[in-house]
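Peer 1: My questions will all concern the structure given below.
Protein chains: 2
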Amino acid sequence: MRKKALTINGVQRTVIAEQGASLGDVLRRQLHLTGTKVSCNTGHCGACSVIVDGKLTLACLTPMSKVSDGAAITTIEGIGQPGALHPLQLAMVSHGAAQCGFCTPGFVVSAKALLEKNPSPSREEVRDWFTKQHNACRCTGYKPIVDAVMDAAAVLRGEIPAEFLEYKPTADGRIWGSKYPRPSAIAKATGTLDYGQDLGLKLPPDTLQLALVQAKVSHANILAIDTSEAEQMPGVAAVLTHKDVKGRNRITGLITFPTNKGDGWDRPILCDTKVFQYGDAIAIVCADTIEQAKAAAAKVKVELEPLPAYMSAPAAMADDAIEIHPGTPNVYYGQKIAKGAETGPVMSQAAYTVEDSFYLQRQPHLTIEADMGFAYFDEEDRLTIHSKSIGLYLHHAMIAPGLGIAPEKLRMVLNPAGGTFGYKFCPTLEALVGVAAMATGRPVYLDYDYEQFITYTGKRSPFWVNLKLGADADGKLVAMESDWTVDHGPYSEFGDLLTLRGAQYIGAGYNIPNIRGQGRTVATNHAWGAPFRAYGSPQSFLASESLMDDLAEKMGLDPLELRYRNVYRPGDTTPNGQAPEVYPLPEMLERLRPLYAEAKERAARESTEQVKRGVGISVGIYGAGLDGVDGAEAWAELTKLGVTVATTWQDHGQGADIGALGTAHEALRALELDPTEISLILNDTAIAPNGGPSGGSRSQAVIGQAIKNACDNLLDALRKDDGAFRTYAEMVAEGRPLRYTGKWAATMNSNCDENGQGNPFATYMYGVFMAEVAVNTKTGKTTVEGMTVFADVGSINNRLAVDGQIYGGVAQGIGLALSEDFEDLTKHTTLRDCGIPYARDIPDRFAIHYIETSREHGPFGATGVGELPLTSPHVAIVNAIKAATGVRITHLPARPEKVLAGLRAIAGNPVAAD
Amino acid sequence: MRKKALTINGVQRTVIAEQGASLGDVLRRQLHLTGTKVSCNTGHCGACSVIVDGKLTLACLTPMSKVSDGAAITTIEGIGQPGALHPLQLAMVSHGAAQCGFCTPGFVVSAKALLEKNPSPSREEVRDWFTKQHNACRCTGYKPIVDAVMDAAAVLRGEIPAEFLEYKPTADGRIWGSKYPRPSAIAKATGTLDYGQDLGLKLPPDTLQLALVQAKVSHANILAIDTSEAEQMPGVAAVLTHKDVKGRNRITGLITFPTNKGDGWDRPILCDTKVFQYGDAIAIVCADTIEQAKAAAAKVKVELEPLPAYMSAPAAMADDAIEIHPGTPNVYYGQKIAKGAETGPVMSQAAYTVEDSFYLQRQPHLTIEADMGFAYFDEEDRLTIHSKSIGLYLHHAMIAPGLGIAPEKLRMVLNPAGGTFGYKFCPTLEALVGVAAMATGRPVYLDYDYEQFITYTGKRSPFWVNLKLGADADGKLVAMESDWTVDHGPYSEFGDLLTLRGAQYIGAGYNIPNIRGQGRTVATNHAWGAPFRAYGSPQSFLASESLMDDLAEKMGLDPLELRYRNVYRPGDTTPNGQAPEVYPLPEMLERLRPLYAEAKERAARESTEQVKRGVGISVGIYGAGLDGVDGAEAWAELTKLGVTVATTWQDHGQGADIGALGTAHEALRALELDPTEISLILNDTAIAPNGGPSGGSRSQAVIGQAIKNACDNLLDALRKDDGAFRTYAEMVAEGRPLRYTGKWAATMNSNCDENGQGNPFATYMYGVFMAEVAVNTKTGKTTVEGMTVFADVGSINNRLAVDGQIYGGVAQGIGLALSEDFEDLTKHTTLRDCGIPYARDIPDRFAIHYIETSREHGPFGATGVGELPLTSPHVAIVNAIKAATGVRITHLPARPEKVLAGLRAIAGNPVAAD
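Chains as they are written, first to last, in the working numbering: chain A, 26 to 939; chain B, 26 to 939.
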């Protein structure tokens with residue numbers, strides 16, 4: 026232990042800490058300066074950036090022994106506060122640079138240190154700095170952050186007044202369509218928003234800390250679990266195993282597809298008979314401190330009988346493979362697609378056919394914040410579970426029977442979340458903390474370190490796709506034959522739904538009259554498949570959008586032209602036979618055409634023997650909503666202070682707050698409310714009605730309609746005969762109810778049938794991506810030098826939020842194309858090793874063009890946005906690599922060694938690549 | 026458990042807390058908003074003031090169930106921060122309104138709430154508000170706080186700019202004699218200074234929380250201690266008894282008086298054979314959480330054999346009283362005084378004699394902050410003990426043998442302390458936390474709740490004094506006969522020294538040629554005697570300054586005139602036969618004379634039958650230093666940033682920081698340093714050399730000399746031949762040492778001999794007090810309506826600090842006179858029940874007049890100040906009561922019922938009073 030006198034944010038403090046403790050831990054756990062976020066603990070994310078004696082420092086990697094006595098430390102709390110923002114913070118707010126916001130304090134601190142050294146950095150210098158300092162952002166694609174730093178620097182240089190950065194209300198007070206900052210922006214930029222880990226430090230003093238005993242193998246039978254030694258360890262309140270789970274001890278996948286051969290009850294809360302994947306939880310130690318819990322967890326003895334681990338779909342499909350879930354075949358679901366005529370004859374007569382096989386990898390979500398949750402019994406004795414759940418009611422239903430708790434005694438709450446990108450569409454630790462709280466009767470807290478988080482949460486499921494396209498002499502597509510295999514890991518939840526996505530998105534965007542295909546869901550022992558932004562579509566488009574380029578090449582047609590000839594026009598239908606609700610793609614391609622020509626010219630001009638440049642494009646489509654009759658509920662209530670709106674529009678950084686606010690404000694415009702007079706309750710099943718999960722870009726489209734309806738109903742109730750509105754006082758005086766429910770359901774839709782035909786979504790999002798890449802032919806490294814996106818997401822609610830979704834989604838597409846993977850359980854355990862893109866990996870030349878086609882079935886003409894930008898940008902990139910080098914990458918990611926192998930193959934010097 | 030959405034300091038937060046938990050606990054323990062201080066936990070101190078939905082609220086008394094969901098809470102952290110002070114905070118700084126600073130956040134928050142309701146309060150309205158809101162301050166006498174609120178209100182009203190409140194540097198940059206704010210002022214006014222409890226929340230996560238098993242009787246034999254059940258309780262790491270103490274298990278009183286009949290080894294760390302007083306510690310439970318520790322402490326079984334409890338000196342002196350410490354008589358020390366001739370003959374020839382008996386009560390220190398401490402092993406494996414110790418080296422010596430630790434392996438550190446007023450001249454829990462850290466090897470933390478604090482820390486020892494004065498026909502004192510008995514509680518530490526104070530201060534101020542007297546120290550079972558400001562002198566002056574008034578009355582002389590005739594003039598000596606070093610008292614009385622006449626006239630004019638007014642005066646003297654050859658050591662070191670000065674000038678709120686800074690800055694003036702370039706290390710035996718304890722007003726006088734000497738030595742080393750000074754770089758380049766030691770010792774002094782004769786102190790402080798009181802003859806309640814103080818404390822280092830000492834010391838004198846007591850163990854357990862004065866109890870009409878007689882043996886002519894204001898103000902008050910009503914109160918406090926009884930006695934209707 027060592028006592029040091031430190032000046033922290035200008036205040037002299039005595040700090041007593043272990044020399045080996047990290048500065049990050051000391052700041053957070055001891056001093057509760059929770060604006061400094063610690064997540065990756067490997068120095069890969071920069072969320073813990075602080076300034077020590079003028080030097081930017083990663084607090085997670087800095088042991089206290091390296092912090093000199095007398096050091097001056099600046100944390101985010103010392104840079105500015107709500108009400109007294111530093112220009113960097115103000116600029117972050119005004120540029121929407123804080124999405125989930127978890128990395129924002131680190132970026133602010135990092136930028137502060139940069140501007141102290143270099144008050145006039147160029148944009149590239151800002152990007153280089155953030156890259157060098159390992160400031161990672163998973164939400165924004167970095168552009169809004171760089172914009173913010175440039176503006177803040179101008180303010181600090183005195184070139185523009187700070188007020189220029191503040192939001193300027195419109196003349197009519199309307200915020201729909203504006204850049205009104207999201208309500209949480211200031212808290213995020215100042216480090217004052219309490220995320221789950223922060224709340225974890227602020228729980229009641231009797232909270233038990235949990236540590237898991239986890240499997241270190243991927244497949245095994247459990248012979249015995251001995252907790253006796255662990256129970257005797259200091260501070261241990263309980264050691265829990267499956268025997269302590271009061272319910273069915275299974276998370277139910279809520280299987281709704283009748284042809285699924287599993288029953289959805291395959292995922293144990295705590296393993297009983299078998300281990301199904303690496304990291305599976307076998308026991309929970311509950312102790313006074315986390316150190317005690319971990320020490321005791323190490324004393325739990327688990328006797329295992331190893332079983333063969335099937336780490337990919339082909340392995341699990343082998344003839345000799347045993348059933349991972351005995352009684353259920355490893356291939357447990359099949360999804361056909363059959364549209365139009367049989368394709369065999371059509372194909373044989375097609376002027377052109379192309380075919381190839383594709384693999385899209387197990388993309389990790391790589392949120393900057395890891396996973397955590399806690400539970401306690403509330404004042405009505407409800408088991409209350411706080412987590413990063415983006416499907417509060419969904420998870421409620423998925424875990425209640427396993428826990429053995431009456432539904433009305435279970436309450437789910439979403440903490441402010443540092444990103445999920447879909448992984449939290451699945452429950453992770455909700456049931457674990459539930460078990461612990463039920464067994465001990467005390468508040469319990471559990472968090473995962475980053476390695477635990479990566480290895481024990483769901484991932485994007487790899488697809489193995491074989492695809493064949495046929496076109497006539499004019500390049501009009503005439504048929505498609507598809508076969509796709511989904512490696513869904515050991516747990517079936519949503520696996521059938523994901524497999525259906527292959528039928529919905531392979532070939533989407535184009536009118537293909539005749540389609541035949543077959544997909545299947547396979548259980549393996551690798552990470553379970555969890556939703557990830559654009560769910561199922563990146564896998565689908567990798568095949569169809571790559572093949573479109575190959576088809577164009579074969580025809581000697583420009584890829585843009587081929588696409589232009591085939592994209593949806595009135596009379597066309599989707600692969601599911603649905604008529605699109607709008608037809609913006611031709612216009613997008615028209616408008617892209619000159620930019621594309623320019624880009625190709627630039628690529629040609631700037632290419633060298635060593636660095637070859639190319640341009641690629643892709644089309645992306647995604648339905649906004651859950652399949653079929655998706656619906657939501659909300660209420661709006663008049664209060665003394667304005668209006669409160671409640672529903673479960675779960676915010677995981679995408680901007681549920683501004684989405685709900687913008688929608689409600691627009692719906693309530695007649696009341697002329699200031700936006701601050703609208704309160705939102707979006708995260709608590711005890712208060713908010715069921716808006717459904719936040720996923721599938723459904724929230725703005727579906728929940729937004731419910732909010733609009735609730736607001737309409739409220740307005741109706743307030744409206745007097747003369748058209749004026751009753752005040753709160755008048756409503757109370759007249760004894761009228763103050764709260765009004767709103768509902769919406771997509772009754773115009775229908776689920777896809779066994780042939781994949783139906784009208785699954787009320788609205789779709791449409792996009793076209795153009796990537797400009799440079800490939801170093803010596804190293805094989807690909808750099809994305811420019812991205813151009815055309816997007817039609819309907820009428821735009823909030824421009825900052827929508828821009829941010831697109832920047833961030835495309836950035837994930839760049840990672841998907843070039844670097845991201847989760848395959849090797851021992852190697853892919855950190856942000857960097859999993860290939861997260863840093864600022865220098867995302868181009869500064871990044872343009873978004875909107876076509877705001879109003880949607881009939883979206884509130885005020887809006888639809889969703891979140892999935893669109895990750896549908897196919899990666900295919901634009903691999904198409905650009907092909908254009909630059911002639912190398913067709915079919916198995917992602919397009920790592921340098923693969924590109925090099927392709928280059929060698931072309932040069933007649935083949936080396937096996939994939 | 027209940028989840029609430031609270032807006033705390035403008036930031037929306039989710040707070041999950043037990044409904045029964047106090048808001049104060051939630052703010053501090055859960056949210057670590059430690060600017061809100063919680064100490065008394067009874068709503069008596071206001072340190073926990075926060076604003077909830079616009080309403081000033083005591084956080085300690087407010088259960089979370091009373092905090093509504095959605096409430097807006099403002100704590101000190103939300104009012105202003107270092108670098109962005111609210112005008113209230115700035116005004117507190119500039120007025121020196123934060124001394125120990127522990128109450129300051131509460132006052133700032135309270136004043137904020139007041140000014141929101143009433144932007145233009147009168148001074149009386151401010152006082153009434155603070156009184157009504159229970160904002161208690163023990164340091165400042167409230168005046169600087171009221172000054173600050175009035176100024177801040179003017180700033181907020183826009184009448185004066187905030188800059189007017191800022192410190193204006195003098196033309197020559199000198200801060201000596203200025204109102205330069207103390208270095209800790211901003212931290213105190215913003216709630217950012219971490220006191221012991223705050224540090225306790227910020228210790229490493231593996232820190233064990235301690236709970237004591239304490240005696241609930243005052244005297245008993247211990248038959249058995251059974252810890253077995255406690256050891257099995259959850260979270261318990263160890264249950265420690267005397268058997269676990271590695272050393273002698275005694276705190277040594279370091280007895281230096283050879284005639285003491287005890288050996289000083291009478292105070293157990295953990296009781297083994299006997300319980301000596303209520304609260305004595307018998308066992309320590311070490312657990313993960315304080316709740317666990319307390320639950321387990323309740324399970325420790327202690328078998329006791331009750332013994333008679335001697336709760337006062339007379340009881341312990343009774344013939345049949347058993348020895349409290351077997352082998353040592355209860356009367357264990359005697360102190361004679363013999364000056365001049367035998368007094369018997371002189372008395373018998375004196376023209377006038379007066380005599381009476383007096384009792385001064387067991388005054389409780391009533392710091393707003395209770396007691397706490399913690400211990401751990403540092404990087405050099407030193408047992409490091411943090412506490413409120415104001416005698417770091419002294420306590421080091423007192424506890425090391427009892428702990429059984431090598432002195433070089435023990436390190437003592439003072440935390441920022443919320444006042445001690447001397448109680449921490451004694452070790453309290455230092456040895457307890459030391460035992461626990463040694464036994465467990467882990468960091469340990471212990472704090473006392475306010476009741477524990479009051480009942481288990483030392484108190485001012487009551488004196489029973491019989492005194493007789495003789496004067497000649499001119500009113501010149503000719504003889505004094507004294508007899509005093511000191512109830513010192515069960516522990517002897519410093520008891521002999523305190524008894525000597527009777528010989529030094531009874532009759533001090535006057536030249537009394539012939540004195541005979543005898544004092545004695547008595548062990549009892551009431552609270553042990555600990556130093557308290559003005560140590561021994563309030564007891565002494567109660568007798569002599571009361572009798573001076575009685576003598577004047579008997580002679581028909583004005584009390585001021587009688588004093589004027591007798592105060593020290595050249596050629597006179599103190600009761601100890603020492604020649605005073607300066608003679609300011611005649612001038613003080615001369616200057617007081619017209620003010621006194623005015624006051625008497627006012628009293629006469631404003632007196633009514635119901636409210637009688639009167640004026641009283643008293644003289645007070647106190648030596649600055651420890652008896653005899655007091656000394657200190659310090660060092661000054663040139664650093665890159667300026668100069669660092671180190672010594673143990675322990676800051677318990679009196680202003681060690683500004684004392685040391687002002688002294689060093691003055692000593693180093695040739696270097697033209699900005700005050701911020703001087704760093705201070707005043708609180709750590711591992712770094713700072715022994716400056717001696719902070720008590721007896723010795724610090725400025727003695728430690729100040731050592732600092733001056735160290736600075737002189739540094740200057741000598743820096744001085745070049747041409748008179749210029751070497752820079753840091755030059756010193757390093759020339760390889761010269763950077764650190765220089767300074768020492769000082771009062772070699773001109775000598776200890777008092779067995780007759781109480783000697784030259785104990787190098788310098789004295791001199792004062793005259795005038796009190797104006799109003800006595801309600803119906804209720805007996807006395808109100809002090811004005812205080813006038815003349816003080817000679819030499820050259821003044823810092824005016825804010827010295828003013829503050831005097832205001833605060835006199836306020837404690839008002840409490841001593843009228844309300845404060847610690848007698849009833851069941852009743853005197855809270856601030857209010859112990860009689861702490863609130864703002865309305867201290868007059869706003871409060872004037873201080875300085876006579877700055879330069880002292881030869883003080884640095885730059887300064888001497889001490891802290892003890893002076895509590896030497897005799899209480900006697901001015903009881904003299905004023907006498908003047909107003911004719912009632913002479915001889916036994917303090919002068920509670921209404923005593924005054925009423927006196928009034929009845931005068932009216933011929935006596936009712937027993939004392």
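C-beta: ideal position from N, C-alpha, C; glycine also.
1) Compute every distance between the C-beta of Arg594 of chain A and the non-hydrogen atoms of the ligand SAH, then say whether any falls below 7 Å.
2) Please tell me whether Leu41 of chain B has its Cβ less than 8 Å away from any Cβ of chain A.
3) Kindly indicate which residue of B:Pro333, B:Ile349, B:Gly35 and B:Glu404 has the alpha-carbon position closest to the one of Gly45 of chain A.
4) What are the boundary residues of the beta strand (DSSP E) that includes Leu666 of chain A?
5) Which value, in whole angstroms, describes the spacing of the CA atoms of Leu385 of chain A and Pro563 of chain A?
6) Between the beta-carbon of Leu471 of chain B and the beta-carbon of Gly398 of chain B, is there less than 8 Å?
7) Expressed to the nearest angstrom, what Euclidean distance is found between the alpha-carbon atoms of Phe189 of chain B and Met117 of chain B?
8) Strictly under 8 Å for the Cβ-Cβ distance: is Glu210 of chain B near chain A by that measure?
9) I'd like to know whether the C-beta of Arg920 of chain B is nearer than 8 Å to at least one C-beta of chain A.
10) Just mark Asn715 of chain A as buried or exposed, buried being the case when its beta carbon has 16 or more other beta carbons within 10 Å.
11) Could you tell me whether the Cβ atoms of Ile531 of chain A and Val490 of chain A are closer together than 8 Å?
12) If we cut at 8 Å on Cβ distances, does Thr156 of chain A have a partner in chain B?
13) Would DSSP call His420 of chain B helix, strand or coil?
14) What's the call for Leu298 of chain B, buried or exposed, on a 16-neighbour Cβ count within 10 Å?
15) Compute the Euclidean distance between the alpha carbons of Glu615 of chain B and Tyr589 of chain B, then round it to the nearest angstrom.
16) Given a limit of 8 Å on CB to CB distance, which residues of the region 733 to 763 of chain B reach chain A?
17) Do you know how far the Cα of Ala42 of chain B is from the Cα of Ile424 of chain A?
18) Does the region 74 to 89 of chain A come close enough to the region 239 to 252 of chain A to have 3 or more Cβ pairs within less than 8 Å?
19) Looking at chain B, is there any beta carbon in it that lies within less than 8 Å of the beta carbon of Ala109 of chain A?
20) What would DSSP say about Glu612 of chain B, mapped onto helix, strand or coil?
21) With a threshold of 8 Å, are at least 3 pairs of Cβ atoms found where one atom belongs to the region 887 to 904 of chain B and the other to the region 718 to 726 of chain B?
22) Mind checking whether Ala649 of chain A and Phe786 of chain A have CB atoms under 8 Å apart?
23) Please list the terminal residues of the continuous alpha helix (DSSP H) segment that includes Tyr1011 of chain A.
Peer 2: Let me lay it out:
1) Only the bare structure without any ligand can be found here, which leaves the ligand SAH out of the picture.
2) Along the second sequence, read from residue 1 onward, the residue named residue 41 of chain B stands at position 16. Note on identity: in this sequence residue 41 of chain B is Ile, with Leu being the wrong assignment. True, the Cβ-Cβ gap to chain A drops below 8 Å.
3) Counting from one through the first sequence, the residue named residue 45 of chain A turns up at place 20. Checking every option, the nearest Cα to that of Gly45 of chain A belongs to B:Glu404.
4) Position 641 of the first sequence, counting from 1, holds the residue named residue 666 of chain A. Neither: Leu666 of chain A is in no beta strand (DSSP E) and is coded neither H nor E.
5) The sequence position of residue 385 of chain A within the first sequence is 360, counting from 1. The sequence position of residue 563 of chain A within the first sequence is 538, counting from 1. Those two C-alpha atoms are separated by around 8 Å.
6) For the purposes of this step, residue 471 of chain B is taken as residue 446 along the second sequence, with counting starting at 1. For the purposes of this step, residue 398 of chain B is taken as residue 373 along the second sequence, with counting starting at 1. Yes, the Cβ-Cβ distance between Leu471 of chain B and Gly398 of chain B is below 8 Å.
7) Locating residue 189 of chain B in the second sequence gives position 164, counting from the first residue. Locating residue 117 of chain B in the second sequence gives position 92, counting from the first residue. Taking the straight line from one Cα to the other gives about 13 Å.
8) As a working note, residue 210 of chain B is residue 185 in the second sequence. Here residue 210 of chain B is Ala; the residue named in the question, Glu, does not match the sequence. Answer no: the Cβ-Cβ gap between Ala210 of chain B and chain A never drops below 8 Å.
9) As a first step, residue 920 of chain B is located in the second sequence; it is residue number 895 there, counting from the start. For Arg920 of chain B, the answer is no, since every Cβ of chain A falls outside 8 Å of its Cβ.
10) In the first sequence, counting from the first residue as 1, residue 715 of chain A sits at position 690. So Asn715 of chain A ends up on the buried side.
11) Counted from its first residue, the first sequence places residue 531 of chain A at position 506. Counted from its first residue, the first sequence places residue 490 of chain A at position 465. Contact flag set, yes.
12) Along the first sequence, read from residue 1 onward, the residue named residue 156 of chain A stands at position 131. With 8 Å as the cut-off, Thr156 of chain A does not count as an interface residue toward chain B.
13) By one-based count along the second sequence, residue 420 of chain B stands at place 395. DSSP places His420 of chain B in helix when its eight states are reduced to three.
14) Sequence index remark: in the second sequence, residue 298 of chain B carries index 273 (1-based). Per the sequence shown, the amino acid found at residue 298 of chain B is Thr instead of Leu. Looking at its Cβ environment, which holds fewer than 16 other Cβ atoms inside 10 Å, Thr298 of chain B is exposed.
15) One-based indexing of the second sequence puts residue 615 of chain B at position 590. One-based indexing of the second sequence puts residue 589 of chain B at position 564. In a straight line, the C-alpha of Glu615 of chain B is about 8 Å away from that of Tyr589 of chain B.
16) none
17) By one-based count along the first sequence, residue 424 of chain A stands at place 399. By one-based count along the second sequence, residue 42 of chain B stands at place 17. Roughly 25 Å separates the two Cα atoms.
18) no
19) Along the first sequence, read from residue 1 onward, the residue named residue 109 of chain A stands at position 84. By this cut-off, Ala109 of chain A is an interface position.
20) Looking up residue 612 of chain B in the second sequence gives position 587. Helix, per DSSP.
21) yes
22) Reading the first sequence from its first residue, position 624 is the one you call residue 649 of chain A. Reading the first sequence from its first residue, position 761 is the one you call residue 786 of chain A. Yes; because the gap between Cβ atoms is below 8 Å, this pair is in contact.
23) Any question about residue 1011 of chain A goes unanswered here, given that chain A covers just 26 to 939.
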